[in-house]
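In my numbering, the protein residues as written are 437 to 576.
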């Protein structure tokens, strides 16, 4: 098993691993990545993770890979994804500042619920960044 940086072309495989790993046993994954187990949800989730990867200077996307020997050659298979973030700046406080909320959560009830979850997510992280006085903190 090896660890390597996620390449842009890996993102759809990485997102599929996230979807299958959590299934419907993780309410946050279900609401943050609606319909993640459908073709449309997989495409949307992959695009969102890729946008995060491109936009964040504080996050490193890593993949766990293993080699499988086949008839002709050895081929690497992605078996896991991790995102490591060293926060030095306060994250956006409003969900609509990081996501296209109307597109991702067309149902207003779902959108309000996700906005409340986002607020719960950013409050402690924002305080930790403030408390670090410019040194940054590690987050999820």
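For glycine and all other residues, C-beta sits at the position ideal for the given N, C-alpha and C. Predicted, not measured: the structure shown is a model, and the values here were computed from it.
Checking the DSSP bridge columns, you'll see residue 500 partnered with 439, 516.
In the structure shown, residue 460 falls within a coil segment according to DSSP collapsed to helix, strand and coil.
Collapsing the DSSP output to three states places residue 524 in coil.
Fewer than three Cβ pairs drawn from the stretch 529–542 and the stretch 496–507 lie within less than 8 Å of each other, which leaves the two stretches out of contact.
Separation of residue 459 and residue 472 (C-alpha to C-alpha, rounded to the nearest whole angstrom) is 9 Å. In the DSSP assignment, residue 531 falls outside any alpha helix (DSSP H) and carries neither an H nor an E. Exclusion of the five residues before and after residue 511 leaves 504 as the residues of its chain whose Cβ lies within less than 6 Å of its Cβ. When the alpha-carbon of residue 479 is set against those of 496, 489, 449, 499, the nearest one is in 449. One Cα belongs to residue 490, the other to residue 569, and the distance between them is close to 26 Å. The C-alpha of residue 487 lies about 13 Å from the C-alpha of residue 442.
Within the model, the alpha-carbon separation for residue 555 versus residue 561 is close to 10 Å.
If you look at residue 568, you'll find it isn't in any alpha helix (DSSP H); DSSP assigns it neither H nor E. Residue pairing for residue 482: DSSP places it in no beta bridge. Excluding sequence positions up to five before and after residue 513, its CB lies within less than 8 Å of the CB of 501, 502, 503, 504, all in the same chain and listed in chain order.
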